[in-house]
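Novice: As numbered in UniProt numbering, residues 1 to 256 make up the sequence shown, in order.
Note that beta-carbon positions come from the ideal geometry of N, C-alpha and C, so glycine has one too.
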Amino acid sequence: MAFAEWMASNSSPDYKALYLRAEEEREREREERRRAEEEREREKEERRRAEENQKKAEEERDQGRERTRPTTFLELLHLCHTLFSLQLRAETPSRSTTGKILPPNREILQQEIYRSVCAYLAPPDETAAQLFSPRLVLEDLGQRFGERAISSEQDLESYERFGVENYVHDILTKLCKNPAAREEFGLGDGVKFDNHANALDPTETDPPLPTTYRRSRQINFVYAGLTVREIPFLPQSSISRLISCPSRTFAQDCET
């Protein structure tokens, strides 16, 4: 028995079992490496998604700030053109009112006036000041203009008031704050548009009108400070085209 036990203890090793154990160990190591690689890929994907979400959030914040910040003069003209003028639709004649088209008296587009305004509100060698309504406000108003076709004079008057006159008033108000611009354009202490001749009736605080002053219902009237007068160099049609044609060469672009 002692000899048999000695022989058993000194017999050749079981190479097959050793091979299988080694193979199992290698397989376990491969599985661990595979899992580690998957974990790294998962972490990499999570970082990529986090970076994308962060970038998207930053872009949304930037877009939000861009839409809510005040606009510059040239941005205002461009947005009024694209969001207001291009949104206008005329109703079919059968569903619209009729009326006379006024003759194009004083329909002059003055390039020099436009250039002078740009010199004050959009100087070429300086960063333009952000002075006017934010894009978000203009987008909302433009959407409202696009929802309904113009079918009457009242509809057109509403557009002229809310889409043109209000912003022309803003532009002139900013010019009034610059003494040189106020002097050059003769703006006095400010301007206000009115669409009816009753606005010209004298009040207790109004000075008497000159006897040679002639009223007209074909144009808008303007109050400049306490003196009622027409602005001779900025007729309403020219201002409307200024809003509708936002270009440094708008006079040439809009002559047709």
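If you drop the 5 nearest sequence neighbours on each side, which residues of the same chain put their C-beta closer than 6 Å to that of leucine 234?
Specialist: Confidence in leucine 234 is poor, its pLDDT being 43 and thus under 50, which makes the residue's placement too unreliable to answer from.
Novice: Apply the 10 Å Cβ neighbour rule to serine 94 and answer buried if 16 or more other Cβ atoms are within range, or exposed otherwise.
Specialist: So serine 94 counts as exposed.
Novice: For the region 147 to 154 against the region 71 to 83, are there 3 or more C-beta pairs whose distance is under 8 Å?
Specialist: The region 147 to 154 is not in contact with the region 71 to 83.
Novice: Hey, is the region 80 to 93 in contact with the region 27 to 35, meaning 3+ C-beta pairs nearer than 8 Å?
Specialist: No contact exists between the region 80 to 93 and the region 27 to 35.
Novice: DSSP has arginine 90 in a bridge; who is on the other side?
Specialist: Note that residue 90 is alanine in the sequence shown, not arginine. DSSP output for alanine 90 lists Ile150 as bridge partner(s).
Novice: Within the continuous alpha helix (DSSP H) that includes phenylalanine 185, where are the two ends?
Specialist: Per DSSP, phenylalanine 185 belongs to the alpha helix (DSSP H) from 179 to 185.
Novice: Give every residue of the same chain whose Cβ lies closer than 6 Å to the Cβ of threonine 68, excluding the five residues on either side of it in the sequence, and list them in chain order.
Specialist: Excluding residues within five positions, the ones whose Cβ falls inside 6 Å are Pro134, Leu136.
Novice: If contacts are defined as beta-carbon pairs under 8 Å, then tyrosine 159 and cysteine 80 qualify, I think. What distance do you get, rounded to the angstrom?
Specialist: Between cysteine 80 and tyrosine 159 the Cβ distance is about 11 Å, and since that is not below 8 Å, they are no contact.
Novice: Taking the C-alpha atoms as reference points, what is the distance between phenylalanine 84 and phenylalanine 145?
Specialist: Distance between the alpha carbons of phenylalanine 84 and phenylalanine 145: 7 Å.
Novice: Nearest-angstrom Cα distance between tyrosine 114 and leucine 102?
Specialist: The alpha-carbon atoms of tyrosine 114 and leucine 102 are separated by roughly 25 Å.
Novice: Is the beta carbon of glutamate 162 less than 8 Å from the beta carbon of leucine 138?
Specialist: It is phenylalanine, not glutamate, that sits at residue 162 in the sequence shown. No, these two residues do not count as a Cβ contact at 8 Å.
Novice: CA-CA distance, leucine 18 and lysine 44?
Specialist: Straight-line Cα distance between these residues: approximately 39 Å.
Novice: State buried or exposed for arginine 241, treating a residue as buried only when at least 16 other CB atoms are found within 10 Å of its CB.
Specialist: Since pLDDT at arginine 241 reaches only 45, below the 50 mark, its modelled position is unreliable, and the value read off the structure follows with that caveat. Buried, since its Cβ has 16 or more Cβ neighbours within 10 Å.
Novice: Going straight from the alpha carbon of arginine 40 to that of glutamate 46, what length do you get?
Specialist: Using only the alpha carbons, I get a separation of about 10 Å.
Novice: Within 10 angstroms of the Cβ of leucine 121, are there 16 or more other Cβ atoms? Answer buried if so, exposed if not.
Specialist: So leucine 121 counts as buried.
Novice: Mapping DSSP to helix, strand and coil, what is glycine 64?
Specialist: In this structure, glycine 64 counts as helix in the three-state DSSP scheme.
Novice: According to DSSP, is threonine 71 part of a helix, a strand, or is it coil?
Specialist: Three-state result, threonine 71: strand.
Novice: Classify glutamate 165: buried if its beta carbon has 16 or more other beta carbons within 10 angstroms, exposed otherwise.
Specialist: That one is buried.
Novice: Can you name the start and end residues of the alpha helix (DSSP H) that aspartate 14 belongs to?
Specialist: Unbroken run through aspartate 14: none, as it is neither H nor E.
Novice: From the DSSP output, which residues share a beta bridge with phenylalanine 132?
Specialist: Its beta-bridge partners are Thr71.
Novice: By a C-beta neighbour count over all protein chains shown, 10 Å radius and 16 as the cutoff for buried, is leucine 20 buried or exposed?
Specialist: Its Cβ having fewer than 16 others within 10 Å, leucine 20 is exposed.
Novice: For leucine 86, count the other beta carbons within 10 Å of its own beta carbon; 16 or more makes it buried, fewer makes it exposed. Which is it?
Specialist: Under this definition leucine 86 is an exposed residue.
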